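Structure record follows, encoded as C-alpha cells.
Numbering (this note's numbering), first residue to last: 1 to 523.
In C-alpha cells:
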C-alpha cells in the first residue's frame with residue numbers, strides 16, 4: 001500500500017445525553033431502530049446485572065442514582081455546534097418515543113459532569129463483571145458478537161435462551177451491554193475453564209452461539225479481531241469456499257506462515273492454548289502474609305483478577321481517579337497495574353512454560369514492583385479491584401525472607417518506623433530530633449483549623465486521638481496503648497506480620513474486626 005485516505009470526523013463542542021429506562025435489555029434493544037434515524041453520536045445499552053455488579057462493588061454510586069426507573073438502559077448521546085441544536089435533537093427523539101408503544105422512563109442530562117459520571121457506568125462493564133466475591137468468575141468466551149440493530153432485541157432473547165440451556169443463566173448470570181447502535185454485544189459468561197468437562201461445555205456453547213449469529217447474518221467479532229477464539233468458527237459465517245480463498249491469498253504473501261499463524265488460516269482450536277484450562281496448575285503459596293478473603297484465600301486467584309481493561313494505562317487522571325502514577329511517569333506496560341499483574345501470574349507458572357523461573361526470588365517481578373507507590377489507587381479505580389499494593393507487600397516479604405540484609409535501607413527504616421517512634425518517645429530523644437530539625441529551619445505554622453477537629457486514630461506518628469465527629473465513637477473505640485495497622489510495614493513487606501493487624505488495634509463494636517484508618521501520617 002503506497003497511500004491511504006482518511007476521513008476525519010470533527011469533534012462536536014456541545015453534547016447532551018438522554019438515558020432511557022426499560023423493563024429488560026431485549027425490550028431496550030427493540031427501541032434501537034426508532035432511535036437511529038435521529039443520528040445520535042453514541043447509543044449504548046446496559047442491563048440491570050451490570051448495574052447490580054457496580055452496586056455490589058460500590059462503583060459510581062452517584063451516577064447510578066441518576067438512572068431512570070427500569071432494569072435496562074439506553075444511553076443516547078447527541079452532539080452539535082450549539083447547545084440549542086443538541087437539545088432540539090434530543091427533544092425530537094423524546095417526542096417520537098412518546099408516540100410509540102415501547103415507552104421508556106426518561107432522564108435528560110445537559111450537564112457535562114453528570115454525563116461523564118454516567119459514561120463511567122458503561123465503561124466499567126468489562127472489569128466490574130469479571131470477579132465478584134462469592135460468585136463464579138466470568139470469561140469473555142462469547143464477547144463482541146454483532147447483528148443488525150433492527151434484529152438486536154430478537155437476538156438477545158435467543159442468546160438468553162442459550163444461556164439457560166447451558167446452565168449459565170442465573171440471577172447473577174451474564175450481564176449484557178454494548179454498542180447497541182451498531183448491534184454489538186459485550187458479555188462475560190461464567191464458563192468453567194478449570195475442568196475438562198467445563199471446557200467441553202464451553203466449546204459446545206460457543207459453537208451453538210456461532211450458529212445463532214450466522215442465522216441472523218451477523219458477525220462473530222463485531223468490534224475486535226477474530227483471533228484464536230473465533231478462527232475455527234469462520235467457515236460457519238463465511239463458508240468453506242471463502243475461507244479457502246483466505247488461505248490462498250495468505251500463501252501468496254506469507255508462504256511459510258510466519259505472520260500471525262494459527263488465527264484465520266489453519267487456525268488453532270478454540271479450546272486450545274487456553275490461558276487457564278484443565279492443565280493449569282499454578283504454584284499455590286501456602287505461607288501467605290495476607291488472607292485474600294475475596295479470592296478464597298488464594299494468591300493465584302488474586303493476581304488473576306486483571307482482565308486487561310487498561311484503565312491503569314491512562315496518562316492523565318481526573319476527579320478522584322489515581323491509578324497508576326508509575327505508568328503515567330514511565331509510559332511502560334511493565335510499570336502499569338496490568339503489567340505487574342501479568343508478571344505475577346507468569347511467576348506462578350501455571351503451565352510449566354513461563355520464562356520467570358525463580359518464583360519469589362524473581363528479579364523481573366521485583367524490578368516491575370519497585371516503582372509501585374503502594375498508593376492503593378488500583379484497589380478502588382480498577383473495575384476488577386486489583387490490589388497491587390497488597391501483592392507487592394506479599395512478594396517483597398517472601399523475596400527477602402531469610403536474607404534481610406539484602407533489603408534496601410529505606411525499606412528497613414520504614415518497616416521499623418513504629419518501633420523507632422516509640423523508642424524516641426521513651427528515651428526522650430525528642431529534643432535531640434528537634435535540634436536537628438532546627439538546623440535547617442522550621443516551616444511556619446499553618447493557620448488554626450476552623451471547624452470540627454479531624455478524627456485521628458492512634459498510631460506511631462500520631463500520638464493523640466480526637467473524636468471530632470459524633471460518628472467516631474459509634475464506629476470505633478480508642479485503644480489503650482500504642483498500636484499500628486501496618487501502613488509502614490505493608491508497602492515494603494518488612495515483617496512477617498505485614499497485613500495482619502496487631503491485636504492491640506482498635507476494634508469495632510459491632511463485630512470485633514480491626515478498625516483500620518483510611519490513611520495516617522505514616523502512610
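Ideal Cβ positions, reconstructed from N, Cα and C, are used throughout, including at glycine.
Please read all numbers here as calculations on a predicted model, not as lab measurements.
Classification of residue i by the beta-carbon crowding that lies within 10 angstroms, buried from 16 upward
i	result
residue 149	buried
residue 43	buried
residue 170	exposed
residue 51	buried
residue 244	exposed
residue 220	buried
residue 390	buried
residue 309	buried
residue 357	exposed
residue 205	buried
residue 431	exposed
residue 138	buried
residue 88	exposed
residue 374	buried
residue 293	exposed
residue 388	buried
residue 305	buried
residue 129	buried
residue 286	exposed
residue 8	exposed
residue 82	exposed
Residue range of the alpha helix (DSSP H) that includes residue i
i	result
residue 391	388-399
residue 129	Segment: none, residue 129 is in no alpha helix (DSSP H) and carries neither H nor E.
residue 117	112-123
residue 402	Where residue 402 is concerned, there is no enclosing alpha helix (DSSP H), given that its DSSP letter is neither H nor E.
residue 163	152-165
residue 315	From DSSP, residue 315 is part of no alpha helix (DSSP H); its letter is neither H nor E.
residue 378	377-381
residue 283	Segment: none, residue 283 is in no alpha helix (DSSP H) and carries neither H nor E.
residue 96	83-98
residue 229	227-231
residue 224	No alpha helix (DSSP H) holds residue 224; DSSP gives it neither H nor E.
residue 238	234-238
DSSP state of residue i mapped onto helix, strand, coil
i	result
residue 14	strand
residue 346	helix
residue 143	coil
residue 8	coil
residue 355	coil
residue 329	helix
residue 104	coil
residue 186	strand
residue 50	helix
residue 334	helix
residue 44	strand
residue 219	strand
residue 256	coil
residue 303	helix
residue 515	Reliability fails at residue 515, whose pLDDT of 43 lies under 50, so the model's placement of it is uncertain and the value that follows must be treated cautiously. Reduced to three states, the DSSP call for residue 515 is coil.
residue 19	strand
residue 2	coil
residue 249	helix
residue 423	helix
residue 432	helix
residue 371	coil
residue 109	strand
residue 360	helix
residue 58	coil
residue 537	The first residue shown for the chain is 1 and the last is 523, placing residue 537 beyond what the model contains.
residue 323	coil
Residue i CB to nearest heavy atom of the ligand FAD below 7 Å
i	result
residue 92	Inclusion of the ligand FAD in the displayed structure is not the case, the ligand content being empty and no account of it being possible.
Limits of the beta strand (DSSP E) - the one that residue i falls within
i	result
residue 73	72-80
residue 36	No beta strand (DSSP E) holds residue 36; DSSP gives it neither H nor E.
residue 211	Premise fails: residue 211 lies in the alpha helix (DSSP H), 196-215, not in any beta strand (DSSP E).
residue 178	176-178
Whole-number beta carbon distance between residue j and residue i, since they are thought to touch under 8 Å
i	j	result
residue 372	residue 127	19 Å between Cβ atoms; not a contact.
residue 73	residue 20	7 Å
residue 125	residue 177	5 Å
residue 46	residue 151	So it is not a contact: roughly 20 Å between Cβ atoms.
C-beta neighbour in chain C for residue i, strict 8 Å
i	result
residue 5	In summary, chain C is missing from the structure at hand, where a single protein chain is found.
**Study point:** Touching by the beta-carbon criterion (3+ pairs, under 8 Å), the region 140-155 and the region 207-226
**Key:** Under the Cβ criterion (8 Å, minimum of three pairs), the region 140-155 counts as touching the region 207-226.
Practice item. Answer yes if the region 263-278 comes into contact with the region 192-212, meaning at least three C-beta pairs across the two stretches below 8 Å, and no otherwise. Key: Output reads yes: the region 263-278 touches the region 192-212.
Practice item. Say whether the region 336-345 touches the region 297-315, bearing in mind that this needs 3 or more beta-carbon pairs closer than 8 Å, one atom from each stretch. Key: Yes, they touch.
Review point. Counting Cβ pairs closer than 8 Å, one from the region 401-412 and one from the region 344-359, do we hit at least three?
Key: Cβ pair count under 8 Å is below three, so no.
Check your understanding: Are the region 5-17 and the region 103-115 in contact at 8 Å, needing three or more beta carbon pairs?
Key -> Three or more pairs of CB atoms, one per stretch, sit closer than 8 Å, so the region 5-17 contacts the region 103-115.
Exercise for review: Inspect the CB distances between the region 51-68 and the region 19-38 and report whether three or more fall short of 8 Å.
Suggested key: Taking a cut-off of 8 Å on C-beta distances, the region 51-68 touches the region 19-38, as three or more cross pairs fall below it.
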